[in-house]
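What follows is a set of notes on a single structure, which appears directly below.
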């Protein structure tokens, strides 16, 4: 299984984040044009402060999101 996983942070230079997301969306559009599908919508996970730790409940949400990505399609 080939996957494109996009990760970025909302912290830091918002211009760089916007540029990275724009590039990622372009990559996603090219893959979809070639027959790829978007397996899952993106998800955001919250941390305390700028570097963490994850807020209460976020680790469980992230684990559930990952399980749904890896689950066989019905």
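Numbering (our numbering), first residue to last: 955 to 1028.
Each residue gets a CB set at the ideal place from its N, CA and C atoms; glycine is no exception.
Distance, residue 977 Cα to residue 970 Cα
11 Å
Can you pull the DSSP bridge partners for residue 1008?
1001
Cβ of residue 994 within 8 Å of Cβ of residue 1022?
yes
Report the rounded CA-to-CA distance for residue 1026 versus residue 1017, giving the unit in angstroms.
16 Å
Residue 992 (DSSP reduced to helix, strand or coil):
coil
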